[in-house]
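**Student:** Dumping the structure here so I can ask a few things about it.
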Amino acid sequence: MDDVIIVGGGIGGLTLALMLHQRGIGVRVYEAAPEIRPIGVGISLLPHAGKELGLLGLLDALTEVAVTTRDSRFFNRFGQFVYSEPAGRYAGYDWPQFQIHRGDLQQVLCRAFLDRVPDGSERLLTAHRCTGTDSGARGAAAHFVDPVTGRALPSAEGSAVIGCDGIHSVVRRQFFGDEGPPVYSGVNMWRGTTVWEPFLSGSTYLRAGWLTVGKMVIYPVRHDVDPQGRQLVNWVAEVQTDRYNEQDWNRTGRLEDFYDVFADWTFDWLDVAGLIRGAEQILEYPMVDRDPLPRWTHGRVTLLGDAAHPMYPRGSNGAGQAILDARSLADCLQSHPSVDEALHAYEEQRLPATSAVVHASRNAPPDVILKTVHERTGDRPFECITDVITTEEMAALSDSYKRVAGYDRESLVPR
Numbered sequence: 203m204d205d206v207i208i209v210g211g212g213i214g215g216l217t218l219a220l221m222l223h224q225r226g227i228g229v230r231v232y233e234a235a236p237e238i239r240p241i242g243v244g245i246s247l248l249p250h251a252g253k254e255l256g257l258l259g260l261l262d263a264l265t266e267v268a269v270t271t272r273d274s275r276f277f278n279r280f281g282q283f284v285y286s287e288p289a290g291r292y293a294g295y296d297w298p299q300f301q302i303h304r305g306d307l308q309q310v311l312c313r314a315f316l317d318r319v320p321d322g323s324e325r326l327l328t329a330h331r332c333t334g335t336d337s338g339a340r341g342a343a344a345h346f347v348d349p350v351t352g353r354a355l356p357s358a359e360g361s362a363v364i365g366c367d368g369i370h371s372v373v374r375r376q377f378f379g380d381e382g383p384p385v386y387s388g389v390n391m392w393r394g395t396t397v398w399e400p401f402l403s404g405s406t407y408l409r410a411g412w413l414t415v416g417k418m419v420i421y422p423v424r425h426d427v428d429p430q431g432r433q434l435v436n437w438v439a440e441v442q443t444d445r446y447n448e449q450d451w452n453r454t455g456r457l458e459d460f461y462d463v464f465a466d467w468t469f470d471w472l473d474v475a476g477l478i479r480g481a482e483q484i485l486e487y488p489m490v491d492r493d494p495l496p497r498w499t500h501g502r503v504t505l506l507g508d509a510a511h512p513m514y515p516r517g518s519n520g521a522g523q524a525i526l527d528a529r530s531l532a533d534c535l536q537s538h539p540s541v542d543e544a545l546h547a548y549e550e551q552r553l554p555a556t557s558a559v560v561h562a563s564r565n566a567p568p569d570v571i572l573k574t575v576h577e578r579t580g581d582r583p584f585e586c587i588t589d590v591i592t593t594e595e596m597a598a599l600s601d602s603y604k605r606v607a608g609y610d611r612e613s614l615v616p617r
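The opening residue of the sequence shown carries number 203 in the numbering used here; numbering runs sequentially from there.
Written as structure tokens, this is what we have:
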């Protein structure tokens, strides 16, 4: 098999590259950015992603730079406790759950690629913006330009081209050019990281409030970032609004556009308002997704990750589903007698599964617990949470999403 050409050096693309190399399949990665550097904010890697990265031998590297999640907790916007459950190995999984800065994860993947792949620096090329692909009976090609000058660069030919180029995927647009822009959910997000004292367990994944009155997702992504033992804490402020800007993870946000919603969120166990004010930088991003596609594969070209199935960043599943895509595609390319059969088998496995996650993220993610509490209390403090919703009902809501997303414990038995 000739080299597989990967368009996009993000989490999905680099994970796929490592998995293909592990199976003895040659690979070349082309990234549009001039360099792979640690940008972005935090993400959560659920146990299904932890499992796949563990099978790549990356658990030690991840443990060194990430926070291993101990528990997930829910509160209302008044700081009242709603529900909690252990996470990852603390919940009996064989694999950990991580909270990590996106840039740290990408650097772990990039270093592993450069260390493991012979001539890795020549097989991971930056400053290559894809302009389109071609597919033939025996292979496929991707075409590139310099992202700064627009000068044409040499095309890359291989046994297949995999579009891992994100929500603005050029490869996807080539086949679905009339799809239109991503669909706005009605919720805008502001994201940041702040150096802060540890809160709750020190490794908690926290959700509080609800979208119509303001919702926060907060979790640490680095331990001991200063002599005082403080952490780098990732936060996401979500507000239901008709006002939003074009999607761009690196758009600078303004404090005055959302802070008043959270200005009185000062709890005994966490000063949320102070956490927001303490951020060095704020990024703004609308919560968007796309309807599932009827197909991903066109000849020897297919899609992976956000290019294939952009979904709401709820339930911590965007990166996780890209990693699961990579595992499926690598396995199919290894086990099927032809590339064409492998690409179609991959699509048959992952397109229905990810479509279900897209719909679940819209309608019934884990934080639907907070929606239920908000609606049943009329957005007022409660005296006892079990008068509002039973622990069993909350557990059922959480477990239902885990099954759809593929990280219930039964699905993650060791191989």
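Just so it is clear, CB atoms sit at the ideal spot from N, CA and C, and this is done for glycine as well.
In this text, all values refer to a predicted model and were calculated from it rather than measured experimentally.
Quick one, which of G210, G256, G244 has its alpha-carbon nearest Q224's?
**Tutor:** Comparing Cα-Cα distances from Q224 to each of G210, G256, G244, the minimum goes to G256.
**Student:** Per DSSP, which one or two residues make a beta bridge with M489?
**Tutor:** DSSP output for M489 lists no bridge partner at all.
**Student:** Which same chain residues end up closer than 8 Å to A465 when comparing Cβ atoms and leaving out the 5 residues on each side of it in sequence?
**Tutor:** Contacts found: A475.
**Student:** Have a look at H330 and E266 and give me their C-alpha separation to the nearest angstrom.
**Tutor:** When rounded, the distance between both Cα atoms is 31 Å.
**Student:** Taking 7 Å as the limit between beta carbons, can you name the residues of its chain near Y609, skipping five residues before and five after?
**Tutor:** Same-chain partners within the cutoff: L248, P249, H250.
**Student:** To which residues does DSSP link V447 through a beta bridge?
**Tutor:** Note on identity: in this sequence residue 447 is Asn, with Val being the wrong assignment. Answer is none; N447 lacks a bridge partner.
**Student:** Buried or exposed: T468, going by 16 or more other Cβ atoms within 10 Å of its Cβ?
**Tutor:** Under this definition T468 is an exposed residue.
**Student:** Determine the extent of the beta strand (DSSP E) in which S274 is found, giving its start and end residues.
**Tutor:** Per DSSP, S274 belongs to the beta strand (DSSP E) from 273-277.
**Student:** Curious, which full-length beta strand (DSSP E) runs of at least 3 residues does the segment 376-448 contain?
**Tutor:** Qualifying beta strand (DSSP E) stretches, in chain order: 385-398, 406-412, 416-424, 433-442.
**Student:** In the segment 512-581, which residue ranges form an unbroken alpha helix (DSSP H) of at least 4 residues, counting only runs that do not cross its ends?
**Tutor:** Runs of the alpha helix (DSSP H) inside the segment 512-581: 520-537, 541-565, 570-579.
**Student:** What's the C-alpha gap between G360 and A562?
**Tutor:** Taking the straight line from one Cα to the other gives about 36 Å.
**Student:** Would A219 be called buried (16 or more neighbouring beta carbons within 10 Å of its own) or exposed?
**Tutor:** A219 is buried by the Cβ-count criterion.
**Student:** Could you tell me which of D533, D569, T593, P554 sits nearest to E254, measuring between CA atoms?
**Tutor:** Selected option, being the one with the closest Cα: D533.
**Student:** Exposed or buried, which one is T592 when buried takes at least 16 other CB atoms within 10 Å?
**Tutor:** So T592 ends up on the exposed side.
**Student:** Across which residues does DSSP place V231 in a beta bridge pair?
**Tutor:** For V231, which the question treats as bridged, DSSP gives the partners I208, L326.
**Student:** So, with DSSP's three-state summary, where would you put A342?
**Tutor:** In the structure shown, A342 sits in a strand (DSSP, three-state: E or B).
**Student:** With 16 as the cutoff for other CB atoms within 10 Å, does R617 come out buried or exposed?
**Tutor:** For R617, the predicted structure reports a pLDDT of 48, less than 50, and the residue's modelled location is therefore unreliable. The matter cannot be settled from this model.
**Student:** Do the segment 404-417 and the segment 368-375 meet, that is, are 3 or more Cβ pairs less than 8 Å apart?
**Tutor:** Contact between the segment 404-417 and the segment 368-375 is absent, because fewer than three Cβ pairs lie under 8 Å.
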